[in-house]
Every structure is written in structure tokens, then in C-alpha cells.
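For reference, the structure is listed below as C-alpha cells.
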Amino acid sequence: MISSENLFKGSALFLAFFGLQFIFTPDLIMSEFFAEGAYPLNATHYWIMRGCGGSFLNTATFYWNTADVADKHMLPATVGWISTSILLPWWAHFNMDITPKHYIPFLGTVAFAVAHIYALVSAKGKGKMN
């Protein structure tokens, strides 16, 4: 399995990739991942998507800047990753009309959630968490 440091760096890159899309190309991301007509985009949706994108970039910055001490932050990072995944890609996957491309964020967040849980259990077992 990957190290906690590399998990944090990979998580940062994944979040930055989607965060930038949420901010700069919300129409593209919606058309790529959801069936036509499954989503009405209005000013409120753009505002929320761009806000989420900014939050993704903020969280990505946290992951990147704390990668060298990732074990210390693994519990809140794991809780945050899983809760965000449940509220966004996982909910959308099971409740909206998606395209096959939606498996990218869905399975990506599942894989990172499993890696976070593994790293959390490993860090606890090694006594690395404060």
C-alpha cells in the first residue's frame, strides 16, 4: 500500500483536478458526468459549484502542505474525505442520471476512502497518531 505521505499528495492532486473544473468549467463537468437534462444549471448552481471548487482547492492545499506529517492528521482527513464523498459523488451516483464517466469521481473517491481507512488503521497501529 502507499505511504501516508503519498496518499495525502495523491488526494491533493485529485481534489485540485476536480476543484479547478468546478470553478472554471462547471458546464463541462456537468455535461461530462450527468445525462442531458438531468441537471438545471442556474446562478445558484454555479455559485455552489464554484464554492465547492474553492473548498476542494483549500483542502488540497492542506493535504499537500501536511503530507510530511500525514499520520498526525489522518483521522480528520479520513472523516472529511468520506463525508465529502458521501455528500457529493456517492449521492449523485445513486440519485441522479449519470453518464459512464461519472465512475471516475465515484470510484476515485472510493479508492481514496479505502486508502485513507487503511492509512488510519496503520497509523494507529504504529502509534504515530497524537
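In the numbering used here, the protein residues as written are 209 to 338.
Beta carbons: idealized from backbone N, C-alpha and C, even for Gly.
These numbers were taken from a predicted model, which means no experiment stands behind them.
**Asked** For the 8 angstroms Cβ check, are there 3 or more pairs between the segment 280-289 and the segment 243-259?
**Response** no
Tell me, which residues are paired with Phe242 by DSSP?
Ile306
In angstroms with no decimal places, state the Cα-to-Cα distance between Ile237 and Asn303.
17 angstroms
To the nearest whole angstrom, what separates the beta carbons of Arg258 and Phe230, a pair I think is in contact under 8 angstroms? 6 angstroms
| request: Specify whether the segment 301-317 and the segment 263-270 touch according to this definition: at least 3 beta carbon pairs, one from each stretch, less than 8 angstroms apart. | output: no
*Helix, strand or coil: which one does DSSP assign to Tyr247?*
coil
For a test of the three-state rule: what should DSSP assign to Met257, helix, strand or coil?
helix
What first and last residue would you give for the alpha helix (DSSP H) that runs through Val287? 282-293
Check: Taking C-beta to C-beta, are Ala300 and Leu215 nearer than 9 angstroms?
Finding: no
Opening and closing residue of the alpha helix (DSSP H) in which Leu221 lies: 212-232
Please classify Thr269: does DSSP put it in a helix, a strand, or coil?
helix
_Let me check understanding here. Comparing Cα to Cα, which of Leu295, His253, Leu221, Ala323 lies closest to Tyr271?_
Leu221
*asked:* Do Ser293 and Thr269 have their beta-carbon atoms positioned less than 9 angstroms apart in this structure?
replied: no
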